[in-house]
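Every position in the sequence shown, counted from 1, becomes a number in our numbering once 5 is added. Yeah, the Cβ is synthetic: ideal placement off N, Cα and C, and Gly gets one too. A quick note: this is a predicted structure, and the numbers were derived from the prediction, not measured. Encoded as structure tokens, the structure appears first; notes follow it.
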Amino acid sequence: MVVSNPSNNSIASFFHDITMNYAADLILLRERAEAGGQVRDYLIRRRVGEADFLEVRVAVVGNVDAGKSTLLGVLTHGELDNGRGFARQKLFRHKHEMESGRTSSVGNDILGFDQEGQVVNKPDSHGGSLDWTKICEKSSKVITFIDLAGHEKYLKTTVFGMTGHLPDFCMLMIGSNAGIVGMTKEHLGLALALNVPVFVVVTKIDMCPANILQETLKLLQKILKSPGCRKIPVLVQNTDDVIVTASNFSSERICPIFQISNVTGENMDLLKMFLNLLSSRSSFKDHEPAEFQIDDTYSVPGVGTVVSGTTLRGLIRLNDTLLLGPDPLGAFLSITVKSIHRKRMPVKEVRGGQTASFALKKIKRSSIRKGMVMVSPRLNPQAYWEFEAEILVLHHPTTISPRYQAMVHCGSIRQTATILSMTSDCLRTGDKATVHFRFIKTPEYLHIDQRLVFREGRTKAVGTITKLLLSTNNQPSNSKPPQIKMQSTKKAPARREDGVAPSNEESASTGSPAAQQNVPQQPKSGGRRRGGQRHKGKPQSNSAVTLAGTVGGC
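So, in structure tokens, the structure goes:
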């Protein structure tokens, strides 16, 4: 901020010189009058080349029919909605999503800002599609929206998007006419558990009566102020509110609330300005050993196997040799990076905190799964079957005890784990404990202090990994034991001395010739049985055969 008085022109020129020396731009945000004079707020943004840009990831969550995909369609394509789902059709990936209007997979779309903070997204005039390469070339900052599912049926997909895609911020969307219903509280609790800053967007204000809108806002503020959230809700109504909330949003205590309409475009400029002022929370250094987590795999004709994910730390360059793993036995395979793409744009290197796609040499897609990592050989990576974590049970209808199994989400890892032991006899809602887990299928690459979500249906527990344990048993828990051929349970006939005849009962039971002479012959069935039809010539039961032998002996 610069106060404009006769002595402050030199201060303005001083800041201008600094931005020129450090290859940055000085952007005036607002100017207002104070008691001591005029106050100006500036945004200093680092100047980047065509192949580099600042990336901020925003996860979009909320209940079904809150307008998540519609808002992203309006923001990224620059066209207002018609109230019948026109804007959201451009974001769907599957046919059934277009038919039902409900997102079932993790979608991605981008919104680019230039040096002046103006939106650079310009959809194609014919097909309405976005050219990601042109957007990234013109942008100094790119917002990557992670469109997640709102239906309870797809909760596991939403949890994977929140843990595997490592969002910097979370945009919680609420329909003003429906209010806080369904999965809204679930998604809010998930974002708070993962320590992701949240801002709220209330949609459909054009069709909602004023009294219903006020009730929704009142309930929302009550929830945000509750002991579980401990947020400070701020209703954003003008540009001054946007600047104040954006500059203090990194404290994670302030929760801005926007009220917008996708049909009329009301307050849409305030939301775009807020997104432009958001800064990335990633602060990794290039000299650290490279580490990249895989969240999806592809097989591209003419290219081969392609993996996508997020660079956790370090610097990865073209033709680098990395270790890919762990495989089902916990081993890591040496692979070479053939090409790198960021937002569909070819680049020569990627840094920590950036999402990218890699084409790999001489490896099949079937040998790669979600949850694997690509790391520098300097790390000497090791896979673990077992680990300990401090967990907090958010919700469970009954009790959790040892040998309980549920799905563990940790980064891009999704695998069922078993509780071997814990510091308490049992766990209920709201309890904390140190728990010893073991994966049941394959070992995984883990870090201490990683956040995890323990889920089964609506059962959720969150925690942090505190200890990695070496296991002597390196076999999956669900592996089948070797097949053992069972011996016959029939008793062998007793051996007898020559000249000693068996008794009548023994003759009948052992099937001797003396008994078999009086057993009537069973009629043979004529051919195979078809369609469950019963034949008239039904064989006698074992009891009938035994009885006939006994009578013959008498």
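Of all the alpha helix (DSSP H) runs that stay within the bounds of the segment 387 to 411, which reach a length of 4 or more residues? If we require 4 residues or more, the segment 387 to 411 turns out to have no alpha helix (DSSP H) run fully inside it.
Beta-carbon within less than 8 Å of R258's beta-carbon, same chain only, minus the 5 sequence neighbours each way: which residues are those? Once the five neighbours on either side are set aside, the close Cβ partners of R258 are R235, K236 and I237.
Runs of 4 residues minimum, wholly inside the segment 51 to 87: which ones carry the alpha helix (DSSP H) assignment? Runs found: 73 to 82.
Would you say the segment 136 to 150 touches the segment 380 to 393, given that touching needs at least three Cβ pairs under 8 Å? Flag = no, the segment 136 to 150 and the segment 380 to 393 do not touch.
Considering just the uninterrupted stretch of the alpha helix (DSSP H) at E36, what are its terminal residues? It is not in any alpha helix (DSSP H) - E36 instead sits in the beta strand (DSSP E) that spans A29 to E39.
Using a Cβ-Cβ cut-off of 6 Å (strictly less than) and excluding sequence neighbours within five positions of V61, which residues of its own chain qualify? Here the set comprises I148, D173, L283 and S285.
Which residues in the same chain as A198 place their Cβ atom closer than 6 Å to its Cβ, once the five residues preceding and following it in sequence are excluded? Contacts found: V467.
Measuring CA to CA, which of V378, L229, V342 and A71 is closest to H452? Out of V378, L229, V342 and A71, the CA that lies nearest to the CA of H452 is found in V378.
Rounded C-alpha distance that separates D119 from V125: Their Cα atoms are separated by approximately 7 Å.
Have a look at R349, R347, L334 and L329 and flag the residue whose alpha-carbon is nearest the alpha-carbon of T341. Cα-wise, what sits closest to T341 is L329.
Closest Cα partner of P232 within the set G194, Q242, P214 and K223: That would be G194, whose Cα lies nearest to the Cα of P232.
Whole-angstrom distance between P448 and T360, CA atom to CA atom: If you take the alpha carbons of T360 and P448, they lie about 25 Å apart.
How is Q226 classed by DSSP in three states: helix, strand or coil? In the three-state DSSP reduction, Q226 falls in the helix class (H, G or I).
Residue environment, D86, which counts as buried when at least 16 other CB atoms sit within 10 Å: By the neighbour-count rule (16 or more Cβ atoms within 10 Å), D86 is buried.
Indicate the three-state DSSP secondary structure (helix, strand or coil) for A336 in the structure shown. It is coil, neither helix nor strand.
With F337 and P386 assumed to form a contact (beta carbons below 8 Å), what rounded beta-carbon distance in angstroms separates them? With 8 Å as the limit, F337 and P386 qualify as a contact, their Cβ atoms being about 6 Å apart.
Report yes or no: do three or more beta-carbon pairs, one from the segment 348 to 358 and one from the segment 413 to 424, lie closer than 8 Å? Result no; under three Cβ-Cβ pairs closer than 8 Å.
Any idea what DSSP makes of D152, helix, strand or coil? Looking at D152 - three-state DSSP - the assignment turns out to be strand.
Does the structure place the segment 171 to 191 close enough to the segment 66 to 80 that three or more beta carbon pairs sit under 8 Å? By the criterion of at least three beta-carbon pairs nearer than 8 Å, the segment 66 to 80 is in contact with the segment 171 to 191.
How far does the beta strand (DSSP E) with L177 in it extend, from its first residue to its last? Its beta strand (DSSP E) spans residues F174 to G180.
For D152 and D114, believed in contact at Cβ under 8 Å, the rounded distance: Going by Cβ atoms, the distance from D114 to D152 rounds to 7 Å, so yes, they are a contact pair.
Note down the Cα distance separating K277 from R408, rounded to an integer number of angstroms. Rounded to whole angstroms, K277 to R408 spans 49 Å at the Cα level.
CA-CA distance, K73 and D301? The C-alpha of K73 lies about 23 Å from the C-alpha of D301.
Test item: CB-CB of T269 and P261 under 8 Å: No, the pair does not count as a contact, with Cβ atoms beyond the cut-off.
From V308 to D454, what does the alpha carbon distance come to, in whole angstroms? Rounded to whole angstroms, V308 to D454 spans 37 Å at the Cα level.
Quick one: Cα of I228 to Cα of H82, how far? Near 33 Å, if we compare the C-alpha coordinates of H82 and I228.
Extent of the continuous alpha helix (DSSP H) to which H192 belongs: In the DSSP annotation of this structure, the continuous segment of the alpha helix (DSSP H) that includes H192 starts and ends at T189 to A198.
Could you give the DSSP three-state label for A466: helix, strand or coil? A466: strand per DSSP, three-state reduction.
Would you grab the beta carbon distance between V111 and R460 for me? Rounded to a whole angstrom, and I think it's under 8 Å. That pair is no contact at about 16 Å.
What is the rounded straight-line gap between the Cα of G78 and the Cα of L59? Going by the C-alpha atoms only, they are around 22 Å apart.
Do you know how far the Cα of S339 is from the Cα of A388? One C-alpha to the other measures close to 15 Å.
With distances taken Cα to Cα, identify the nearest neighbour of R51 among A71, E39 and E121. Of the listed residues, the one whose Cα sits closest to R51 is E121.
Please give the ranges of any alpha helix (DSSP H) in the segment 237 to 288, keeping only runs that are unbroken, at least 4 residues long and fully inside the region. Listed in chain order, they are 244 to 253 and 273 to 282.
Would you say L457 faces chain D, with C-beta separation under 8 Å as the test? This model lacks chain D altogether, as it is built from one protein chain only.
Go ahead and label R419 buried or exposed: buried means 16 or more other beta carbons lie within 10 angstroms of its beta carbon, across all protein chains shown. R419 is buried by the Cβ-count criterion.
Report buried or exposed for A506, applying the criterion of at least 16 other Cβ atoms within 10 angstroms of its Cβ. For A506, the predicted structure reports a pLDDT of 48, less than 50, and the residue's modelled location is therefore unreliable. A value from the coordinates is still provided. Exposed is the label assigned to A506, since fewer than 16 other Cβ atoms lie within 10 Å of its Cβ.
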